[in-house]
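Input: a single structure, listed below in structure tokens.
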Amino acid sequence: MIAQDKDQPTEVVYSTYYRVHPEDRQKFIDAVTPHLAVEARIPGVIYYVFAQDITDPDTFHLSEGFRDQAAIDEHNRSSAFADALRQVMGSVRILEQQSQRYVVTSQGPGDPPGGVTLAQ
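Start counting at 1 in the sequence shown, then tack on 47, and there's your number in the working numbering.
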């Protein structure tokens, strides 16, 4: 997980999932993992998280939070992003994919009613 500054306002959020062919699962992981460290250094990338689904190991969820369009543009121009995309598109059979873009108009705490108790 990459999280630069969780308290920084997030203007744009992307939520995407990929379901890959079971034989290509590790190829997908190998293509995406090096790219994550680069995202940590791009100004305005608030968070960039890939997570494997706990109920389906062939499904991966990507959550991206950006400060603004300039940060998205910088992300899209990065050579690491281009390399990861080229590697995935060239070697991974993506069986299903869906992506949504959300523009955030207000932001506040998202804890459930009663809050969350952290382990000590």
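C-beta: ideal position from N, C-alpha, C; glycine also.
So if DSSP puts residue i in a beta bridge, which residue, or which two residues, is it bridged to?
i	result
Glu121	According to DSSP, which records beta bridges pairwise, Glu121 is partnered with nothing at all.
Ser110	Ser62 and Val96
Gln144	Tyr65
Val150	Val59
With a cut-off of 8 angstroms, does the C-beta of residue i fall near any C-beta of chain C?
i	result
Ile141	Protein chains in the displayed structure number just one, and chain C is not present.
How close, in whole Å, do the beta carbons of residue i and residue j come, if the pair is a contact with beta carbons under 8 angstroms?
i	j	result
Asp71	Arg133	Actually they do not touch by this definition, with Cβ atoms about 15 angstroms apart.
Arg124	Ile93	Not quite, the Cβ-Cβ distance comes to about 18 angstroms (not below 8 angstroms), so this is no contact.
May I have the straight-line CA-CA distance separating residue i from residue j, to the nearest angstrom?
i	j	result
Thr152	Ala131	31 angstroms
Tyr19	Gln167	The requested residue 19 is not part of the displayed model; the chain covers only 48 to 167.
Met48	Tyr95	Its pLDDT being 49, under 50, Met48 is placed unreliably by the model, and the measurement read from it follows with that caveat. C-alpha separation (whole angstroms): 6 angstroms.
Lys74	Ser146	21 angstroms
Ile89	Ile76	21 angstroms
Arg66	Leu109	11 angstroms
Tyr149	Gly112	10 angstroms
Met136	Ala84	20 angstroms
Ser138	Gln55	36 angstroms
Tyr61	Gly161	28 angstroms
Pro159	Pro104	27 angstroms
Val59	Pro69	31 angstroms
Whose C-beta lies closer than 6 angstroms to the C-beta of residue i among residues of the same chain, with five residues either side of it excluded?
i	result
Asp100	Thr106
Thr164	none
Val79	Phe97 and Ala131
Between residue i and residue j, is the Cβ-Cβ spacing less than 8 angstroms?
i	j	result
Thr57	Gln154	yes
Ala129	Gly91	no
Ala127	Pro156	no
CB-CB under 7 angstroms to residue i, same chain, minus the five flanking residues each way: which ones, in chain order?
i	result
Glu143	Arg66
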